[in-house]
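K.L.:
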Amino acid sequence: MKLLEDKIRSEGIVVNDNILKVDSFINHQVDPVLMMEIGKALAEHFKDKGVTKVATIESSGIAPALTCAMSLGVPMVILKKQPSKTLNSDLYQTIVTSYTKGTSYELTISSKYVNENDHVLIVDDFLANGEAATGALRLIRKAHATIAGIGIVIEKSFQPGHDKLAAQGIDVYALARIKKMDKDYIEFMED
Ligand code: 5GP
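In my numbering, the protein residues as written are 2 to 192.
#1: Output needed for G1: all residues of its chain with C-beta closer than 8 Å, excluding positions within five of it in sequence on either side, in chain order.
#2: Taking the straight line between their C-alpha atoms, what separation do you get for L4 and K165?
#3: Consult DSSP for S11 and reduce its assignment to one of helix, strand or coil.
#4: By the DSSP assignment, the alpha helix (DSSP H) with S60 in it spans what residues?
#5: Kindly examine the ligand 5GP and report whether one of its heavy atoms sits closer than 7 Å to the Cβ of D125.
#6: Within a Cβ cutoff of 7 Å, which residues of the same chain sit near S259, ignoring the five residues on either side of it in sequence?
#7: With a 10 Å radius around its C-beta and 16 neighbouring C-beta atoms as the bar for buried, classify D18 as buried or exposed.
#8: Quick one: does the C-beta of N130 sit closer than 7 Å to a heavy atom of the ligand 5GP?
#9: Would you check whether the ligand 5GP has a heavy atom nearer than 7 Å to the C-beta of N17?
#10: From N116 to S90, what distance separates their C-alpha atoms?
#11: Looking at the strands, I want to know which residues DSSP matches up with K81.
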């Protein structure tokens, strides 16, 4: 997506070989016009896949997931990070371990919002090693729903997440795919 690539080139900050900061338009301040275009572009790719819900992990995925859900005309569901104080039979949970960050967190979803009638599109801001997306997949499957695909705003294609997920037969679609990056230069994959 040219608009997004141009924005990454002009405002993205490569912190080190692995981390790109996009705080001025995605992660801290949000550009609503760009976010609408991101949602439309993700929805366009998945529009014939029978998506009933768009799910994301809080919090950075919420903006693109919402605009995508709006374009598809389906609800958006947030996989919540804070552990539920009132454990009840409606809730499914899974632990996501980030080996890169050395942290773990619990993800929770209610069967009221995702269940066996759902075909779910997962949307997130970044795809790197695929740990977050794998946790989201596991939780949605625990809730007996099926997976329509994974929509990503920025994929760092030099990290293994895309190949790991695509090898499972999942449609992984990213709007900007970074081939390599350093402090002065960001190269995108050709379409
Ligand atoms: P993964 O689980 O695929 O390794 O990482 C995905 C999650 O880590 C994303 O939800 C995102 O929040 C965060 N993340 C990974 N790489 C980057 C990055 O280069 N920049 C930012 N801002 N977040 C990242």
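Glycine included, C-beta positions come from ideal geometry on N, C-alpha and C.
P.N.:
By the coordinates alone:
#1: Residue coverage of the chain in this structure runs from 2 to 192, which leaves residue 1 outside it and unanswerable.
#2: 27 Å
#3: helix
#4: It is not in any alpha helix (DSSP H) - S60 carries neither H nor E in the DSSP assignment.
#5: yes
#6: Outside the displayed range of the chain (2 to 192) lies residue 259, so it cannot be described from this structure.
#7: exposed
#8: yes
#9: no
#10: 13 Å
#11: T109
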